[in-house]
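For the sequence shown, position 230 (counting from the first letter as 1) is numbered 1027 according to my numbering, and the numbering increases by one without interruption.
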Amino acid sequence: MEIKTFKKAAENIKKLKLLETDDCVIAGVSGGADSMCMLMTLLGLKQEFDLDIIVAHVNHGIRGEEAERDADFVRDFCADKGLTFELVNADIPKLAAETGTTAEEAGRNFRYSYFCELASKYNAKKIAVAHNSDDNAETVLFNIFRGSGLGGLKGILPIRNISGSDGKKYTLIRPVLSLSRAEIEEGLKEAGQDFCIDRTNNEDTYARNRLRNIILPMARDSINSNVYGHIGNLSRQAALVYDYIEQETEKSSSCISRIFDEQGNKTGVSLNISVLEKLHQAIRQNLLRRAFEMVSGKLKDVEETHIEAIDALRLRQSGKRLSLPYDVTAFREYDRIILTKSGNTGFFVEKNSFFKGELLDITGEKGGCESGIYGITWEIRNRSELPLEIPKCQDIKWFDHEKIGDGLMVRTCREGDYMLIGREKHRKSLSRFMIDNKIPLHERERIPLLVVGSHVLWVVGYRQDESCLVTDTTERVLIVKNNNQKR
798 MEIKTFKKAA ENIKKLKLLE TDDCVIAGVS GGADSMCMLM TLLGLKQEFD
848 LDIIVAHVNH GIRGEEAERD ADFVRDFCAD KGLTFELVNA DIPKLAAETG
898 TTAEEAGRNF RYSYFCELAS KYNAKKIAVA HNSDDNAETV LFNIFRGSGL
948 GGLKGILPIR NISGSDGKKY TLIRPVLSLS RAEIEEGLKE AGQDFCIDRT
998 NNEDTYARNR LRNIILPMAR DSINSNVYGH IGNLSRQAAL VYDYIEQETE
1048 KSSSCISRIF DEQGNKTGVS LNISVLEKLH QAIRQNLLRR AFEMVSGKLK
1098 DVEETHIEAI DALRLRQSGK RLSLPYDVTA FREYDRIILT KSGNTGFFVE
1148 KNSFFKGELL DITGEKGGCE SGIYGITWEI RNRSELPLEI PKCQDIKWFD
1198 HEKIGDGLMV RTCREGDYML IGREKHRKSL SRFMIDNKIP LHERERIPLL
1248 VVGSHVLWVV GYRQDESCLV TDTTERVLIV KNNNQKR
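Structure (structure tokens):
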């Protein structure tokens, strides 16, 4: 006799293409109703897809003898069905204390890490876990209540990628996500299949349990009997919209630049405000959310109000700082929004060789120097060989060779640097020049300078000093070019 519950799950698996022929699947099985229903569904498809099913069980070290009985139950089931069984014993309370997370989060992280290890061991591409539609409704409401954005409305996805500690990627599937908890228990009853009961699921200690045991049943009984189904429909629609926003966000992700310290360590990110201004608010704030995650490494507990506060920096003057979760600081600096870990003071877009400086030997005819960001080349020509009109280009400058003297070098800024500006050649400190030209602080120390001593002849990509300009009396011209043209 075909059981309706298993048939529905199997049809959804095929519809969403969760399985492929010859798949090796790591199935996370606790012994509870959800995971036993999932395992029986996979067994029903084993021959059709020629599946290799590896059953993984985690003892979290929380429920003592009860947990050991659950492990024995799953082991015996696997032995009866001829399935490979893998067991790991963990101390999740200790792990939670060491990592500063909740037991629930520590347990989830441990499980997924263990499943990935087994996937690597057995060369499996798929990892199956047993979330159902009730779990999805709980997740959506939980995300709403804690202040998440549109991404939180997606709830639990039926399929997504997951990475192991070794960097390998696997496909996480949820074969019974289309089933309600009631359907699952009814199906197991019809099949005559026992399952384990985790007493902690009935306790209202955790917020998620209160949603499961109190709030959602109340909504079902007093507002709408199909509340779980309606929340599921909402999450699927939100997932489609979110997927579109992610695609559009990717198109604008080039406006995010990594910033580094002097040792080449990543310290944060920088975003171009002029690019952000052109984006729809939904795309812009999703881009900011992505930038935040690049700095913090996580988005858990980051609320919409945090992202909106970062977005509002576009409309503020430079200098305003925000203190955000995970010790992240955000501030505006001229035409950029900077996100970095609190306490970082020096910013550079890339580490390069210009910090020490490089002497240019201009006794020959041509030469150059290279770095990760800039490539400076030069050549010396007779003035009579060149066009009468001097190029007006920020990345190519002509200098009177005879006026330069010895000690020409390329380096980044130092205290005491100055330029001679205007016809009167009045002296101006380099720091004042950079402030007046609104060059962001994190960029100032990476801009190459053409200098003799403390005298700056050219702020590469910005302005040339007046002291060595080509005139009617110039005989030899030093032509210097910035090849990379990055700023």
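The C-beta atom is built at its ideal place from N, Cα and C for all residues, glycine as well.
Could you pull out every residue in the same chain whose Cβ sits closer than 6 Å to the Cβ of residue i, ignoring the five residues on either side in sequence?
{"i": "K812", "result": "none"}
{"i": "R1017", "result": "V1024"}
{"i": "L938", "result": "L1008"}
{"i": "V871", "result": "V826, G828, H854"}
{"i": "C1265", "result": "F1196, D1197, K1200, I1201, L1254"}
Which same chain residues end up closer than 8 Å to residue i when comparing Cβ atoms and leaving out the 5 residues on each side of it in sequence?
{"i": "G944", "result": "E1100, E1101, T1102"}
{"i": "R1273", "result": "I1177, R1178, N1179, R1180, D1197, H1198, E1199"}
{"i": "F803", "result": "C834, M837, T838, G841, G984, A988"}
{"i": "S917", "result": "G961, D963, K965"}
{"i": "T1046", "result": "I1080, N1083, L1084, R1087"}
Going by C-alpha distance, which of the options is nearest residue i?
{"i": "S910", "options": "N933, L969, G879", "result": "L969"}
{"i": "D877", "options": "I889, L840, A900", "result": "L840"}
{"i": "V1311", "options": "E1221, D1192, H1198", "result": "Residue 1311 lies beyond the stretch modelled for the chain, which goes from 798 to 1284, so this question has no answer here."}
{"i": "H1077", "options": "K1095, R1241, S1049", "result": "S1049"}
{"i": "I924", "options": "E817, F939, C875", "result": "E817"}
{"i": "K1194", "options": "V1257, R1243, P1122, S1226", "result": "V1257"}
{"i": "N933", "options": "N1234, L1254, K1097, A1035", "result": "A1035"}
{"i": "I1042", "options": "S1051, R1081, L1119", "result": "R1081"}
{"i": "G1202", "options": "K1235, H1252, E863, L1119", "result": "H1252"}
{"i": "K1097", "options": "N940, F992, G1213", "result": "N940"}
{"i": "G946", "options": "S1032, E1162, E982", "result": "S1032"}
{"i": "T1064", "options": "R1113, K1138, K1117", "result": "K1138"}
{"i": "I1232", "options": "I1056, Y1131, D963", "result": "Y1131"}
{"i": "E1186", "options": "E982, G1161, V1267", "result": "V1267"}
{"i": "I800", "options": "I981, P1237, S1228", "result": "I981"}
{"i": "L1247", "options": "E863, L1183, R1211", "result": "R1211"}
{"i": "I1053", "options": "N1069, D995, D867", "result": "N1069"}
{"i": "G949", "options": "E935, I959, N958", "result": "E935"}
Where does the unbroken beta strand (DSSP E) through residue i begin, and where does it stop?
{"i": "S1054", "result": "1053-1057"}
{"i": "H1027", "result": "No beta strand (DSSP E) holds H1027; the alpha helix (DSSP H) holding it covers 1024-1048."}
{"i": "D1197", "result": "1193-1197"}
{"i": "G825", "result": "821-825"}
{"i": "A927", "result": "Per DSSP, A927 belongs to no beta strand (DSSP E) and is neither H nor E."}
{"i": "T1126", "result": "1125-1130"}
{"i": "T968", "result": "966-970"}
{"i": "K1189", "result": "K1189 -> no beta strand (DSSP E), and no H or E assigned at all."}
{"i": "L1275", "result": "1273-1279"}
{"i": "S1115", "result": "Segment: none, S1115 is in no beta strand (DSSP E) and carries neither H nor E."}
First and last residue of the alpha helix (DSSP H) that includes residue i?
{"i": "A893", "result": "889-896"}
{"i": "A921", "result": "That residue, A921, is in no alpha helix (DSSP H); it is neither H nor E in DSSP."}
{"i": "G948", "result": "947-950"}
{"i": "I1104", "result": "1101-1109"}
{"i": "G944", "result": "Premise fails: G944 is in no alpha helix (DSSP H) and is neither H nor E."}
{"i": "R1017", "result": "1013-1019"}
Is the separation between the beta-carbon of residue i and that of residue j shorter than 8 Å?
{"i": "V973", "j": "T1126", "result": "no"}
{"i": "K805", "j": "L976", "result": "yes"}
{"i": "V826", "j": "L836", "result": "yes"}
{"i": "R1133", "j": "I1104", "result": "no"}
{"i": "L1136", "j": "F1089", "result": "yes"}
{"i": "G1164", "j": "L1156", "result": "no"}
{"i": "L985", "j": "C834", "result": "yes"}
{"i": "Y1215", "j": "K1225", "result": "yes"}
{"i": "D820", "j": "L848", "result": "yes"}
{"i": "I851", "j": "A921", "result": "yes"}
{"i": "M1091", "j": "V1072", "result": "no"}
{"i": "S1115", "j": "R1129", "result": "yes"}
{"i": "T1174", "j": "N1062", "result": "no"}
{"i": "R978", "j": "P955", "result": "no"}
Can you list, in chain order, the residues of its chain whose CB lies under 7 Å from that of residue i, leaving out five sequence neighbours each side?
{"i": "I1318", "result": "This structure cannot settle anything about residue 1318, because the visible part of the chain is limited to 798 through 1284."}
{"i": "C886", "result": "It is Asn, not Cys, that sits at residue 886 in the sequence shown. Here the set comprises N856, G858."}
{"i": "R1284", "result": "With a pLDDT of 43 at R1284, under the threshold of 50, the modelled position of that residue is not reliable, and the figure given next carries that caveat. So the qualifying residues of the chain are G1258."}
{"i": "N1006", "result": "N998, E1000"}
{"i": "E1074", "result": "R1111"}
{"i": "D1108", "result": "R1081, Q1082, L1085"}
Quickly, what does DSSP pair residue i with across the bridge? List them, please.
{"i": "A1079", "result": "DSSP output for A1079 lists no bridge partner at all."}
{"i": "H1223", "result": "I1218"}
{"i": "H1252", "result": "Y1215, V1249"}
{"i": "V855", "result": "V885"}
{"i": "V1072", "result": "Looking at the DSSP assignment, V1072 forms no beta bridge with any residue, so it has no partner."}
{"i": "T1137", "result": "G1065, T1126"}
{"i": "S960", "result": "K966"}
{"i": "D849", "result": "C821"}
{"i": "Q1261", "result": "W1255"}
{"i": "E935", "result": "DSSP output for E935 lists no bridge partner at all."}
{"i": "M1206", "result": "L1156, V1248"}
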